[in-house]
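Under our numbering, the sequence shown has 1013 at position 409, and the numbering climbs by one with no breaks. For every residue, glycine included, the Cβ atom is placed at its ideal position computed from N, Cα and C. Structure first, then comments.
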Amino acid sequence: MCSIYLFKRFLASVCVASLLMLAGCDAAKERPELIQSQAWLMDKTGTATLQDVVLRGDWQPMRGWQGWGYGSEPIWIRTTLKAAEPDDRLPWIVRVRPAFLDYLTLYDPSTGRVIRSGDALPPNDESLSSINFTFQIPALPKEREIYLRLNGTSTRSLNLEVLSYGQAQLSNRLQEWLVGFFTVTSGIFALWASAQWWVSRDRLWAAFALKQTFSTLWAFFFLGFARVLIGPYFAEGVLNIIASTVLILFVSGIFWFQTKFLESYQPSRACLTACRFATGAIASLTLLQFFDAPILMLILGNAAIPIAFMMLQITALTAFSSRAVQPISLKVYFIYLASYGLFGSLPTLIYLGLMPAHRVMIIGNMAHLVLDGMVMFILLQVRSKRLQQQQQEVILNLKGIEQKAETEKQLHKEQVQLFSMLAHELKTPLASLRMWMDAGPLKREVMERAIHDMNQVIERCVHTGQLTDQRLQPMVENMDAVFLTHSAVMTCRSPAQFHFIASHDTAALRTDPQMLSIVLGNLLDNACKYSPTNSPIQVSLTAQEQHGQAGWLWRVSNQPGQEGLPDAAQIFEKYYRSPHARRKSGSGLGLFLVKGLLELMHGEIAYTHHEGQVVFTVWMPARSLD
């Protein structure tokens, strides 16, 4: 929500800035025409004096913006001014743009004034405080000619205007607010991207932050702010050297970032390597400063821009055959890259003298600052959110895999325990059978007991598996709990040990009789197995209300045998057997099965040790399943 709010505020600011720009254009259109004619002359010898220039006759018309590309020859501009009105006492302002021209010299033969300015020079006292180059000349009541000389290492594209003092102030302020707004916005994008990188440690955010930082520095130097703010503290020409170096690093930073962005789409390795090489080659152009070849450096740097954009687009085309899935569609990125390449290449073609100069040069510069930053920032935000979603999905998948692995591990462990238990428990009755066979003819009761023990182990395993898989469902019917308890006692291995007491002759109960039989059978079998031989086992059945519901309570108590007392915290866990109880046959599933079946029937079981007796209590609601 915060990002959407800031984005809306940004669009509102762009609208305000655009209105200011239009207002500045309208103000310029409404000014009185002070220039009668314009012409230009290129002196290829570079040694012409003002007197030589005045006598030349091959002046050519010049209107609006004009460009001559890079070169060492100076450019001379002759401007004819109309006579001023008698009451026009304020000076006129000769304004020259853009703000990166190196050396400008204005000659006014009528007054004998010679004024120097330019990006390589600190601001002078005779110019207005502005990012543009301004020259104050007196308004004379007669027609006259003035001359402007341009030379330096920067591209020779300019626009010359003569404005009244008030009009120049208004137009300059509007332009400064607009350009300043875009420069600050570029810096905000750089800071924001740095913060995003600090949080996420995503290298692409780091590349974008570095690129946007160079973009802001480029704007600071090439749009005139550096000359106004820090120009007075540098020697002549130093600021120009810094600005040229920043330009090359800015261009290199753009293509390094775009190459990093393309890597995730898995384009052709050869094309990607070529883009990386081009990025390094552009950055190495700064070394030409040390060989006194700044013009060659700037020509190659600007010529590399459209070439590098073409290389990036070709590289992007090779990625369409890849199956890499990315948060940002390759088609969307390709459209962005083509649009940005067009906006970024137009000013370059003007700087190189391959296209006529136009104010699109300024608009293209602003595209570098804001449009690229804004669009790419939005794309990176979308990419980050989708990557977070993908990361969360991966984490969930990993958790699912870990849970599945843990489940399989637990299942394997249980299978090992089950096979171990079966091998042990079936071995005991089989050993008994073998012993009786060796001793003589088998007695029927011995055979029945051995078969019963093996069958009981197998049934417990089957019932436990059904309980674990949630395949057991109670089959409810009316029954007599007293009769069922008598039956369970009579089927035990030693019925004579049991003393059964019931508070009623009958106990009406509505539940699953088979499940309840399994519960009682396991409890009684445990009491018989783990109590001293022929010791009494007490079983009682009484009516008892719990949780506001009528029900029946079974209490089974016996003396503990040599196996001792079980651990109350583990007694109902699967495969648990106390250390001393392992000498006797047992599956470790009986009490686990009892607890699970009672939960299905809405019953409860508890274990206590009271007055030297092991006591199990089972409570069942009389009509729990209606």
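Cβ-Cβ distance between residue i and residue j below 8 Å
| i | j | result |
| --- | --- | --- |
| F859 | L808 | no |
| L1113 | A1210 | no |
| V1160 | L1197 | no |
| Y1134 | E1081 | no |
| Y711 | I899 | no |
| G668 | S761 | no |
| L902 | S949 | no |
| G857 | F818 | yes |
| F825 | I846 | yes |
| P690 | T715 | no |
| N844 | D706 | yes |
| N1130 | G1194 | yes |
| G835 | P665 | no |
| L678 | Q740 | For the sequence presented, residue 678 should be read as Pro rather than Leu. No, these two residues do not count as a Cβ contact at 8 Å. |
| N736 | R701 | yes |
| M1119 | P1078 | yes |
| W680 | Y769 | no |
| G841 | A724 | yes |
Cβ-based burial, residue i [other Cβ within 10 Å; buried from 16]
| i | result |
| --- | --- |
| R699 | buried |
| V1218 | buried |
| F586 | Past the edges of the chain, shown from 605 to 1230, lies residue 586, and the structure says nothing about it. |
| N755 | buried |
| R682 | buried |
| T1115 | buried |
| L626 | Low confidence applies to L626: its pLDDT is 40, below 50, so where it sits in the model is not reliable, and the reading given next is rough at best. Exposed, by the Cβ-count rule. |
| E765 | buried |
| K1008 | exposed |
| H1213 | exposed |
| N1001 | exposed |
| L833 | exposed |
| W802 | exposed |
| Y937 | buried |
| F786 | buried |
| V1222 | buried |
| A830 | buried |
| P960 | exposed |
| K1199 | buried |
Cβ-Cβ separation, residue j to residue i (assumed contact under 8 Å), whole Å
| i | j | result |
| --- | --- | --- |
| A687 | P745 | 5 Å |
| V1123 | L1201 | 5 Å |
| I918 | I886 | Contact doesn't hold; Cβ gap of about 17 Å is too wide. |
| R660 | T709 | Contact doesn't hold; Cβ gap of about 17 Å is too wide. |
| A874 | M915 | That belief does not hold up - the Cβ atoms of A874 and M915 are roughly 11 Å apart, past 8 Å. |
| L1145 | A1106 | 4 Å |
| A920 | L934 | 7 Å |
| E747 | L685 | 7 Å |
| I932 | L983 | 5 Å |
| I909 | T877 | That belief does not hold up - the Cβ atoms of I909 and T877 are roughly 20 Å apart, past 8 Å. |
| H1108 | A1147 | 7 Å |
| Y955 | T757 | Incorrect: roughly 12 Å between the Cβ atoms, too far for contact. |
| G1125 | Q1163 | No, G1125 and Q1163 are not in contact; Cβ-Cβ is about 20 Å, not under 8 Å. |
Contact with chain D by residue i, beta-carbon distance below 8 Å
| i | result |
| --- | --- |
| A810 | The chain inventory of the structure shown lacks chain D, comprising one protein chain alone. |
Contact between the stretch 869-886 and the stretch 928-948: three or more CB pairs below 8 Å?
Taking 8 Å as the limit for Cβ pairs, the verdict is that the stretch 928-948 does touch the stretch 869-886.
Would you check if the stretch 728-745 and the stretch 771-778 touch, i.e. whether three or more CB-CB distances between them fall below 8 Å?
Yes: at least three Cβ pairs fall under 8 Å.
Check whether the stretch 1128-1146 touches the stretch 1173-1180, counting contact only when three or more Cβ pairs, one atom from each stretch, lie closer than 8 Å.
Counting C-beta pairs closer than 8 Å gives fewer than three between the stretch 1128-1146 and the stretch 1173-1180, which falls short of the contact rule.
Whole alpha helix (DSSP H) elements within the stretch 803-827, 4-residue minimum
With a minimum length of 4 residues, the unbroken runs of alpha helix (DSSP H) contained wholly in the stretch 803-827 fall at 807-826.
Report the residue ranges of all alpha helix (DSSP H) runs contained in full by the stretch 735-796; include only those spanning at least 4 residues, in chain order.
For the stretch 735-796, not a single whole alpha helix (DSSP H) run of length 4 or above is found.
Cβ contact (3+ pairs, closer than 8 Å) linking the stretch 790-800 and the stretch 809-823
With a cut-off of 8 Å, the stretch 809-823 and the stretch 790-800 count as touching, because enough Cβ pairs lie within range.
Runs of alpha helix (DSSP H) wholly within the stretch 1118-1205 (minimum 4 residues, chain order)
For the stretch 1118-1205, the continuous alpha helix (DSSP H) assignments of 4+ residues that do not extend past its boundaries occur at 1194-1204, in sequence order.
Beta strand (DSSP E) runs wholly inside the stretch 1078-1109, at least 3 long, in chain order
List check, beta strand (DSSP E) in window: 1081-1084 and 1102-1106.
Would you mind listing the beta strand (DSSP E) stretches within the stretch 976-1014 that are 3+ residues and don't spill past its ends, in chain order?
Counting only unbroken stretches of 3 or more residues, no beta strand (DSSP E) element lies wholly within the stretch 976-1014.
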